[in-house]
Amino acid sequence: MDKSKVLARKYRPTNLADVIGQPSVTTSLTNAFQSNSIYQCFLMEGMWGCGKTTVARILAAMENCEKGPSLEPCTKCKMCIEIFEGQSSDIKEINAASATGIDDIRNIDEFIHHRPLRAKVKYVILDEFHMLSNQAREAALKILEEPPEGVRFALCTTEAHKLKGTIHSRAMPLRFIKIPWPQLFEYIKNIAQKENIQAQEDALKIAAKFSKGSARNALRNLQLLSSCAGNSIITPELATSTRNSKR
Numbered sequence: 050m051d052k053s054k055v056l057a058r059k060y061r062p063t064n065l066a067d068v069i070g071q072p073s074v075t076t077s078l079t080n081a082f083q084s085n086s087i088y089q090c091f092l093m094e095g096m097w098g099c100g101k102t103t104v105a106r107i108l109a110a111m112e113n114c115e116k117g118p119s120l121e122p123c124t125k126c127k128m129c130i131e132i133f134e135g136q137s138s139d140i141k142e143i144n145a146a147s148a149t150g151i152d153d154i155r156n157i158d159e160f161i162h163h164r165p166l167r168a169k170v171k172y173v174i175l176d177e178f179h180m181l182s183n184q185a186r187e188a189a190l191k192i193l194e195e196p197p198e199g200v201r202f203a204l205c206t207t208e209a210h211k212l213k214g215t216i217h218s219r220a221m222p223l224r225f226i227k228i229p230w231p232q233l234f235e236y237i238k239n240i241a242q243k244e245n246i247q248a249q250e251d252a253l254k255i256a257a258k259f260s261k262g263s264a265r266n267a268l269r270n271l272q273l274l275s276s277c278a279g280n281s282i283i284t285p286e287l288a289t290s291t292r293n294s295k296r
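Mapped onto the numbering used here, the consecutive letters of the sequence shown carry residue numbers 50 to 296.
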């Protein structure tokens, strides 16, 4: 394996079919897309590292792929590349943990009322939405009450219970769940084979169990173990000792 490659980035899904452990989310969005009934606002709730922002980007690419709209974005056109790299000027990604104020929401309001430069549908992806200040959240609610055509919102949060019912009522709820460790084990086992990472199955099971239901964590654990093992095989002892050293 090329140690310079970040596995969590290399294997980040680019279509709904590749998103693991979230069948209700992917099925709901697939059906909505195929029936041309996509909501203007999604409330994506779930723990860190379970795919919320990834799915939001996939949705944006599905609608804006230059060879689409398509359930499977091509990933090769300029729009797809910019979206998946988080560099599209028409897809605004904001981390509400750091951009918490009213001025940040005013910037969003200005963004959505300008015509897109290249996209068919503009997207606003707000990560950790629950961390907005009360004033900013009220301003966001006003935007969500009457959003302009051709704009969609993905409100990503790890604590949806902190949001007002008025926010919930204006969004399609998508609940991201912890991924069972046996599924994560199969996932990283397949990736280890692709990357020529030598590992005993029991070691990968330990890495999967320590991933806390997160595909991102599982890939980071695999990468850490690969780096620690060097040219040696990854053993259960190494997986356990590496985990203990992180505490």
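All C-beta atoms in this analysis are idealised placements derived from N, C-alpha and C, irrespective of residue type, glycine included.
Can you say whether residue i is buried or exposed, counting buried as having 16 or more other CB atoms within 10 angstroms of its CB?
| i | result |
| --- | --- |
| L166 | exposed |
| A264 | buried |
| Q71 | buried |
| E286 | exposed |
| V55 | exposed |
| H210 | exposed |
| E194 | exposed |
| S137 | buried |
| T206 | buried |
| N270 | buried |
| R186 | buried |
| Q272 | buried |
| K101 | buried |
| G98 | buried |
| E94 | buried |
Near residue i, which residues of its chain fall below 7 Å by C-beta distance, leaving aside the five closest residues on each side in sequence?
| i | result |
| --- | --- |
| L190 | T215 and I216 |
| N80 | none |
| A267 | L233, Y236, I237, A256, A257 and S260 |
| A278 | L287 |
| D251 | P285 |
| K116 | C123 and C126 |
Given residue i, which residues of its chain have a CB within under 6 Å of its CB, disregarding the five upstream and five downstream residues?
| i | result |
| --- | --- |
| A248 | A241 and I283 |
| Q184 | I151 |
| W230 | A257 and K258 |
Classify residue i as helix, strand or coil using the three-state DSSP reduction.
| i | result |
| --- | --- |
| I192 | helix |
| N293 | The predicted position of N293 is uncertain, since its pLDDT is 49 and thus under 50; no value can be drawn from it. |
| H162 | coil |
| N183 | helix |
| V68 | coil |
| N113 | helix |
| C99 | coil |
| Q2 | One cannot answer for residue 2 here, as it falls past the ends of the chain, which runs 50 to 296. |
| E235 | helix |
| N85 | coil |
| K258 | helix |
| R61 | coil |
| L120 | coil |
| R106 | helix |
| Q136 | coil |
| K243 | helix |
Quick one: does residue i have its CB under 8 Å from some CB of chain C?
| i | result |
| --- | --- |
| T284 | Annotation note: the requested chain C is absent from the structure, which comprises a single protein chain. |
Starting from the C-beta of residue i, find all residues in its chain whose C-beta is less than 8 Å away, skip the five residues before and the five after it, and write them out in chain order.
| i | result |
| --- | --- |
| I161 | K171, V173, I192, P196, P197 and V200 |
| R296 | In this prediction, R296 has a pLDDT of 46, which is less than 50 and means its spatial position is unreliable; what the coordinates show is noted afterwards. Cβ within range, chain order: n/a, list empty. |
| C114 | P122, C123, C126, M128 and C129 |
| H179 | A145, T206, T207, E208, A209, K211 and L212 |
| A220 | Y88, C90, F91, L92, L193, F202 and L204 |
| I107 | P62, T63, N64, L65, V68 and P122 |
State the CB to CB distance for the pair residue i and residue j, rounded to an integer number of angstroms; the pair is presumed to be in contact (CB under 8 Å).
| i | j | result |
| --- | --- | --- |
| I130 | I140 | Actually they do not touch by this definition, with Cβ atoms about 12 Å apart. |
| F91 | A203 | 5 Å |
| E112 | K59 | Not really, about 24 Å apart at Cβ, beyond 8 Å. |
Spell out the partners DSSP gives residue i in its beta bridges.
| i | result |
| --- | --- |
| L175 | I143 and L204 |
| I283 | A248 |
| C126 | Looking at the DSSP assignment, C126 forms no beta bridge with any residue, so it has no partner. |
| L223 | M93 |
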